[in-house]
Structure formats: structure tokens, C-alpha cells
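Step one of this worksheet: look at the structure below.
In the numbering used here, the protein residues as written are 393 to 459.
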């Protein structure tokens, strides 16, 4: 099974990872002062979508982002 995770940190950066792999910076500039909404496009052979609790992600250091 493939597990896709994505999250925003408190600086408005959005990351994703696949199967607990290294986080990849996907987008910057998200307004995090209010509610965030997630859109999940389910197609193909998707078996399950599981939403986890809401919390701010830890900020990644620039060194970790460049890996």
C-alpha cells in the first residue's frame, strides 16, 4: 500500500511525503491564521482515505529541506 501524507507548517509551507519518506516542499505562502481545508481527489484503485487529527507540524530546518 502507498501512503501519502501532506501537511502545512506554521510558516505556511506545505510538504508531502510518500510511505514515511523524506518530506518534499510542495508549496509556500499558505495562510495559516485560520482554518485550513484539505481536498482529496480519490480515483483509481484507492481503498481507503484516513484523516488524522489536526496539529501544526514541526518546522523543518533548511538543511533537512535540501536533502
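Using N, Cα and C, we set each Cβ at its ideal position, and we do this for glycine too.
Treat the numbers as computed from the prediction; the structure is a model and nothing was measured.
When burial is assigned at 16 or more other CB atoms within 10 Å of the CB, is residue i buried or exposed?
i: residue 400; result: buried
i: residue 402; result: exposed
Hey, out of the options, whose CA is closest to residue i's CA?
i: residue 419; options: 408, 413 and 444; result: 408
i: residue 413; options: 406, 431 and 397; result: 397
Pull up the CB-CB distance for residue i and residue j, whole angstroms please, since I reckon it's below 8 Å.
i: residue 421; j: residue 404; result: 5 Å
i: residue 394; j: residue 410; result: 6 Å
i: residue 441; j: residue 432; result: 6 Å
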